[in-house]
Amino acid sequence: MHRLVMAFINSMRALKHLAAHEKAVQQELVLFFLSIPIAAFIAPSVLVFLLLTGSLLFLIMVEVLNTGIEAACDAVSRDFHKETQIAKDCGSLAVLISVILVAIVWLYLLWHVFFL
């Protein structure tokens with residue numbers, strides 16, 4: 054049980070840091086909290102609500118991992134290395150793919166709720 058408590062404390066410390074210092078995470082958290090009442094209003098079922106909000110949680114998770122990759126690369130060296138650039142670019146690509154996924158989920162479900 055102690056390990057779970059410590060993991061929770063570490064996670065909350067990371068969330069606090071990211072919410073205070075990372076613009077992308079700040080924007081995604083605002084988007085997530087705004088999405089909750091919107092999704093609750095438009096979702097015809099719990100499953101649709103979970104898909105709408107879960108897609109945004111997935112985006113936040115990928116953004117957190119990308120930030121971790123960037124922090125680890127910066128901790129190793131601030132000098133330019135091709136491998137570091139590739140690692141950071143791959144993290145950025147993962148975020149882009151997540152953004153596309155969120156857009157597809159929201160557009161698809163909005164289309165079905167309002168037009169079908």
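Residue numbers (the working numbering): 54 to 169. Even glycine gets a Cβ: it sits at the ideal position worked out from N, Cα and C. These figures come from a predicted structure and were not determined experimentally.
Pair within 8 angstroms by beta-carbon distance, Leu154 and Leu105: no
Own chain residues within Cβ distance below 8 angstroms of Ile89, not counting five before or after: Thr106
Integer-rounded CB distance, given that Glu123 should sit under 8 angstroms from Val148: Val148 to Glu123, Cβ: 11 angstroms. No contact.
Whole-Å CB distance - Val78 paired with Leu71, under 8 angstroms assumed: 4 angstroms
Start-to-end residues for the alpha helix (DSSP H) that takes in Ala156: 135–168
Ranges of the beta strand (DSSP E) found wholly within the stretch 70–128, counting only runs of at least 3: none
Distance CB(Glu75)-CB(Leu112) smaller than 8 angstroms: no
For Phe94 and Ser145, the rounded distance between their alpha carbons: 32 angstroms
Distance between beta carbons of Val158 and Leu97, contact taken as under 8 angstroms: The sequence shown places Pro at residue 97, rather than the Leu named in the question. Going by Cβ atoms, the distance from Pro97 to Val158 rounds to 15 angstroms, so no, they are not a contact pair.
Reduced DSSP secondary structure (H/G/I, E/B, other) of Met65: helix
Nearest-angstrom beta carbon gap, Leu109 and Phe85 [assumed within contact, 8 angstroms]: 5 angstroms
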